[in-house]
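Read in order, the letters of the sequence shown correspond to residues 421 to 610 in the working numbering.
Heads up, the beta-carbon is just placed ideally off N, CA and C, and yes, glycines get one too.
Working notes for the structure below.
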Amino acid sequence: MPETRRLLEAASALSCALRANGVPHAFYGSVFVAVLTNNLQADDIFCIVEGGAAHPFRRVRQALTGSADLSITPSPWSNRLHVKYHRCIPAIEIEILAAGENGPRRLDALTVAAVSRVPFLTTSEFVRAKLKAWMIRGSERDAQDIVFILGRYWNSIDINRIPEHDMERFVEVVRAAAPGWAAIKRKYGM
């Protein structure tokens, strides 16, 4: 499990390259919860990249052309793209995800917030993305992240961004999420 500090260093380097090329992006994964809790280690980090005139993967490849610290590992057979940050040993790998497929379609001030000077999805978008991942994979790590954010940051979550049916199913399976989800529903008079 990589150190959170190293993941943030890699995220910052990738973010600088993407920002310099005008590519909207935001990070998410268990690193977000690790930053919020000052945990020294995190499991994963993903970078959601907005498309535009070109596919998000192409925009990332163009932004990283000539970079000494960041390299690209494409997996065309699985339609995945990974960026490796080589200043750390071992290298830090960040999976690139297309906005809209994973996370919000538009990455702007409503969906992205800076945490530790790195752009992350807002708490609402983080829960939405983690919930989608949990519905597909059923990962215990995703469930723990959702429960933590619901319990601690329920007041900053926009219920309109959370698929209600999926969250109700999640709460049926993961009972620890019930108090946070109930608090959100009360806040919105539901």
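Opposing strand residues paired with residue i [DSSP bridges]
i	result
R500	S495
Q564	For Q564, which the question treats as bridged, DSSP gives no partner whatsoever.
H445	V469
P583	The partner list for P583 (beta bridge, DSSP) is empty, contrary to what the question assumes.
E515	F466, H502
F477	In the DSSP output, where bridge partners are listed per residue, F477 has none listed.
V535	V538
Q482	Q482 is not bridged to any residue.
E423	Q461
Minimum C-alpha distance to residue i - residue among the options
i	options	result
V455	L428, K607, A446, R439	L428
A529	E515, E545, I516, E521	E545
F568	W601, G558, K552	W601
A596	P583, G520, L570	L570
S435	G472, G471, V480, T424	V480
I468	M555, A518, I556, P583	A518
E470	A446, M555, I509, K605	A446
P539	Y448, A440, G523	Y448
V443	A534, R606, W574, G472	G472
6 Å Cβ shell around residue i - same chain, five flanking residues per side excluded
i	result
A598	V591
Y608	I579
S576	T543
R572	none
Nonlocal neighbours in the same chain, by C-beta distance under 8 Å from residue i, ignoring five residues either side
i	result
I512	P422, R426, L427, E429, A430, I465, K504, Y505
A437	A483, L484, S487, L490
Residue i vs residue j beta-carbon contact at 7 Å
i	j	result
T531	T543	no
A563	V594	yes
I582	R548	yes
Beta-carbon proximity list for residue i, same chain, < 7 Å, skipping 5 on both sides
i	result
D565	S450, V453, K550
E515	F466, R500, H502
M555	D586
T493	H502, K504
If contact is defined by three or more beta carbon pairs under 8 Å, each pair taking one atom from either stretch, is the stretch 475 to 484 in contact with the stretch 457 to 464? no
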